[in-house]
Amino acid sequence: MQDTIGKRLEKYTANYPQEVLLVSVKINGEEDRIAIFRGFASSLMRPTSFDPDIPVLPDNATIITIDRLESPYNPETPRYIEQGMSRENMESLLSSVGI
């Protein structure tokens, strides 16, 4: 069974700790912004559960865009590697690095 996109993004950041992913999504009709860094995801707009079995990026979420940034992330002076990626472009990147 293949991992969900959320798990794949977490694996990517665990393998590439010099990057932070900022994911703009819609979950149940509400917008959210999720930061993923060193294998962990956290919502920037709503509370994040302490239970690691509850995904921050659920399967039913619609990914709007994904930004790749250099870490450490500073919201006042973000250093973008790539901005506004589609889910399909990110999935191609993930596949190219074996995730």
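Numbering (numbering that gives the first Met the number 0), first residue to last: 0 to 98. The C-beta atom is built at its ideal place from N, Cα and C for all residues, glycine as well.
> Can you tell which of Ile62, Pro74 and Val96 has its C-alpha closest to the C-alpha of Met84?
Replying inline: Comparing Cα positions, the closest option is Ile62.
> Between Gln1, Leu8 and Asp2, which lies nearest to Asn88 when the distance is taken from Cα to Cα?
Replying inline: The shortest Cα separation from Asn88 among Gln1, Leu8 and Asp2 belongs to Leu8.
>> Based on DSSP bridge pairs, tell me the residues matched to Glu81.
In response: For Glu81, DSSP records a beta bridge to Arg67.
>> Measuring straight from C-alpha to C-alpha, what distance separates Ala13 and Ala40?
In response: One C-alpha to the other measures close to 11 angstroms.
> Does the region 22 to 31 come close enough to the region 71 to 81 that 3 or more CB-CB pairs lie under 8 angstroms?
Replying inline: The region 71 to 81 makes no contact with the region 22 to 31: fewer than 3 CB pairs, one atom from each, lie closer than 8 angstroms.
>> As a quick exercise: from Asp50, Asp52, Ile53 and Ala34, pick the residue whose alpha carbon is nearest that of Met44.
In response: Ala34 is the residue among Asp50, Asp52, Ile53 and Ala34 whose C-alpha sits nearest the C-alpha of Met44.
> What first and last residue would you give for the beta strand (DSSP E) that runs through Arg32?
Replying inline: Per DSSP, the continuous beta strand (DSSP E) segment holding Arg32 begins and ends at Glu29 to Phe36.
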